[in-house]
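Undergrad:
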Amino acid sequence: MIVEMRAGANKEQVDHVVERAHSLGFDVQLNIGTEKTVVAILGSDTGKADTDLFAVLPGVQSVTRVMKPYKLASREFHPRASKMNVSGVEIGGQKIVVMAGPCAVESEKQLMEAAKGVQKLGASVVRGGAFKPRTSPFSFQGLGQDALKMLARVKSELGIPVITEVVDVNSIDAVEKHADIIQVGARNMQNFALLKALSGIKHPILLKRGLSATVTEWLTAADYLLSQGNRRVILCERGIRTFEDTVRFSLDITSIGVIKQASHLPVVVDPSHAAGHSAYVPSIAKAAIAAGADGLLIEVHPNPEEALVDGLQSLNFPAFERLMKDLRPIAEAVGRNV
Ligand code: PEP
Ligand code: MN
């Protein structure tokens, strides 16, 4: 249930709504906007509570039942698009944020070279997997803790924020210490134990769409991350499994528009994991920006031929440079800049 306060409603009136909710056994979350405050009434039994219980309270403008399974990620709760600051980089603002780097951190030299290269070409966040969720247990699993230290060095030497994936509850502490943004991979989108454990932390979290998740399931998973008050959740469309087998996954370009209507959270697109091949990455990336995405997460490797993971879909520096150049007029056409 969403209680929208009148513009100018005072703190006492908001507190009164919160007290009433608590007295009925519900939790609340507040969205204190510049003009008005919205109170989300949360609990498994809100459906049984009469909306009039809140509608009669002073300062309340309207009470709406949110019939969607997700509440905190919804536009009803937070009518304005969320902008968030991540170590000095604004996500969800006018500037398209490009996060780029190798699929996996392979060595200090490879990561530093990749990071310097993408930073010079306009990326504002460096990506690099320390813990890799691999389909086969015999594939390279990532350098783990050592990779986190290398990412920390990139961050301190180049002054650029880093994003890396957390694959299980045990590694949250380590990842939290070194990463600016924590990535939840597609295969973990509905790992509810992991989402619950992450809900208590302060870091921004990038939540990838599951390989076979609907947009509703994805936004409902985002609610787990938002449930303890963390407001910095970024969604990442990375393609879903369909009958099409010429690409690794089918990038659902429509989800961008759907998310923008249904949710206030920023959405970035990962064209690399959808495409599965570097040849298709630029066209998907450009389409994503034209469709309204707030950013891109792109795999770039100094030497894709030697990559230990996802070399086929990684851009080299010249290809990344070309893409960044091609993105500019597209971003401008939709009122943004890169
Ligand atoms: C990744 O970004 O390195 C990754 C494993 O992506 P996904 O979870 O989308 O497959
Ligand atoms: Mn990858």
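Numbers given in my numbering equal positions in the sequence shown, counted from 1, plus 1. Glycine included, each C-beta is placed from N, C-alpha and C at the ideal position. The structure presented is a predicted model; accordingly, all values stated were derived computationally and were not measured.
Could you have a look at LYS96 and say whether DSSP puts it in helix, strand or coil?
TA: Numbered from 1 along the sequence shown, position 95 holds the residue referred to as residue 96. LYS96: strand per DSSP, three-state reduction.
Undergrad: Looking only at its own chain, which residues have a Cβ that is under 8 Å from the Cβ of ARG323, when we skip the five neighbours before and after it?
TA: Looking up residue 323 in the sequence shown gives position 322. Excluding residues within five positions, the ones whose Cβ falls inside 8 Å are PRO283.
Undergrad: Under 7 Å: does the beta carbon of ALA187 sit that close to some heavy atom of ligand 4?
TA: With respect to ligand 4, the structure offers nothing, as its ligand set consists of ligand 1 and ligand 2.
Undergrad: Can you tell me which of VAL248, LEU144, THR247, ARG239 puts its alpha carbon nearest to the alpha carbon of THR255?
TA: Stepping through the sequence shown from its first residue, residue 255 is reached at position 254. Comparing Cα-Cα distances from THR255 to each of VAL248, LEU144, THR247, ARG239, the minimum goes to ARG239.
Undergrad: Check whether the Cβ atoms of ILE257 and ALA289 sit closer than 8 Å, and answer yes or no.
TA: Taking the sequence shown and counting its residues from 1, the one referred to as residue 257 is at position 256. Taking the sequence shown and counting its residues from 1, the one referred to as residue 289 is at position 288. Yes, Cβ-Cβ distance for ILE257 and ALA289 is below 8 Å.
Undergrad: Look up MET68 in the DSSP assignment and say whether it is helix, strand or coil.
TA: For the purposes of this step, residue 68 is taken as residue 67 along the sequence shown, with counting starting at 1. DSSP places MET68 in coil when its eight states are reduced to three.
Undergrad: Smallest Cα separation from GLU300: which of GLU5, LEU226, TYR281?
TA: As a first step, residue 300 must be located in the sequence shown, where it is residue number 299. Residue TYR281 is the option with its Cα nearest to GLU300.
Undergrad: How many Å lie between VAL126 and GLY160 at the Cα?
TA: Here residue 126 refers to the residue found at position 125 of the sequence shown. Here residue 160 refers to the residue found at position 159 of the sequence shown. Computed Cα separation, rounded: 10 Å.
Undergrad: What first and last residue would you give for the beta strand (DSSP E) that runs through ILE164?
TA: Within the sequence shown, numbered from 1, the residue matching residue 164 stands at position 163. That run of the beta strand (DSSP E) goes 163-166.
Undergrad: Check for me: the beta strand (DSSP E) holding LYS209 runs from which residue to which?
TA: Along the sequence shown, one-based indexing puts residue 209 at 208. LYS209 -> beta strand (DSSP E) spans 206-209.
Undergrad: Given that a residue counts as buried once 16 or more other Cβ atoms are within 10 Å of its Cβ, and exposed if not, what is PHE250?
TA: As a position in the sequence shown, residue 250 is number 249, starting the count at 1. PHE250 is buried by the Cβ-count criterion.
Undergrad: Mind reading off the beta-carbon distance from LEU43 to PHE27? Whole number of angstroms is fine, and I expect it under 8 Å.
TA: By 1-based counting over the sequence shown, the position of residue 43 is 42. By 1-based counting over the sequence shown, the position of residue 27 is 26. About 6 Å separates the two Cβ atoms, so the contact holds.
Undergrad: Under 7 Å: does the beta carbon of ASP311 sit that close to some heavy atom of ligand 2?
TA: Residue numbering aside, residue 311 sits at position 310 when the sequence shown is read from its first letter. Answer for ASP311: yes, Cβ within range of ligand 2.
Undergrad: Would you mind reading off the limits of the alpha helix (DSSP H) that contains GLN30?
TA: If you number the sequence shown from 1, residue 30 lands on position 29. Run containing GLN30: none in the alpha helix (DSSP H); it sits in the beta strand (DSSP E), 28-33.
Undergrad: Does ALA320 have its Cβ less than 8 Å from a Cβ in chain D?
TA: You won't find chain D in this structure, because it holds only one protein chain.
Undergrad: I need the straight-line Cα distance from GLN191 to VAL167, nearest angstrom please.
TA: Numbered from 1 along the sequence shown, position 190 holds the residue referred to as residue 191. Numbered from 1 along the sequence shown, position 166 holds the residue referred to as residue 167. For GLN191 and VAL167, the distance between alpha carbons rounds to 14 Å.
Undergrad: Between CYS237 and ligand 2, is the CB less than 7 Å from at least one heavy atom?
TA: Position 236 of the sequence shown holds residue 237. Every heavy atom of ligand 2 is 7 Å or more from the Cβ of CYS237, so no.
Undergrad: Based on DSSP bridge pairs, tell me the residues matched to SER251.
TA: On the sequence shown, position 250 is the one that residue 251 refers to. DSSP output for SER251 lists ILE241 as bridge partner(s).
Undergrad: Please report the straight-line C-alpha distance between GLY201 and ASP224, rounded to a whole angstrom.
TA: Here residue 201 is taken as the residue at index 200 of the sequence shown, counted from 1. Here residue 224 is taken as the residue at index 223 of the sequence shown, counted from 1. Approximately 12 Å, taken between the alpha carbons.
Undergrad: Is DSSP giving ILE299 helix, strand or coil here?
TA: As a working note, residue 299 is residue 298 in the sequence shown. Strand.
Undergrad: Does the beta-carbon distance from LYS195 to LEU236 come in below 8 Å?
TA: Here residue 195 refers to the residue found at position 194 when the sequence shown is read from its first residue. Here residue 236 refers to the residue found at position 235 when the sequence shown is read from its first residue. It is Leu, not Lys, that sits at residue 195 in the sequence shown. The answer is no: Cβ separation not under 8 Å.
Undergrad: If you check the beta carbons only, do GLU77 and ILE3 fall under 8 Å apart?
TA: Taking the sequence shown and counting its residues from 1, the one referred to as residue 77 is at position 76. Taking the sequence shown and counting its residues from 1, the one referred to as residue 3 is at position 2. In this structure, ILE3 lies closer than 8 Å to GLU77 by Cβ.
Undergrad: Grab me the residues of SER228's own chain with a C-beta within less than 6 Å of its C-beta, minus the 5 sequence neighbours each way, in chain order.
TA: In the sequence shown, residue 228 corresponds to position 227, counting from 1. The answer, listed in chain order, is SER200.
Undergrad: Pairing CB atoms from the region 87-95 with CB atoms from the region 105-124, are three or more of them under 8 Å?
TA: No, because fewer than three Cβ pairs between the region 87-95 and the region 105-124 fall closer than 8 Å, the two stretches do not touch.
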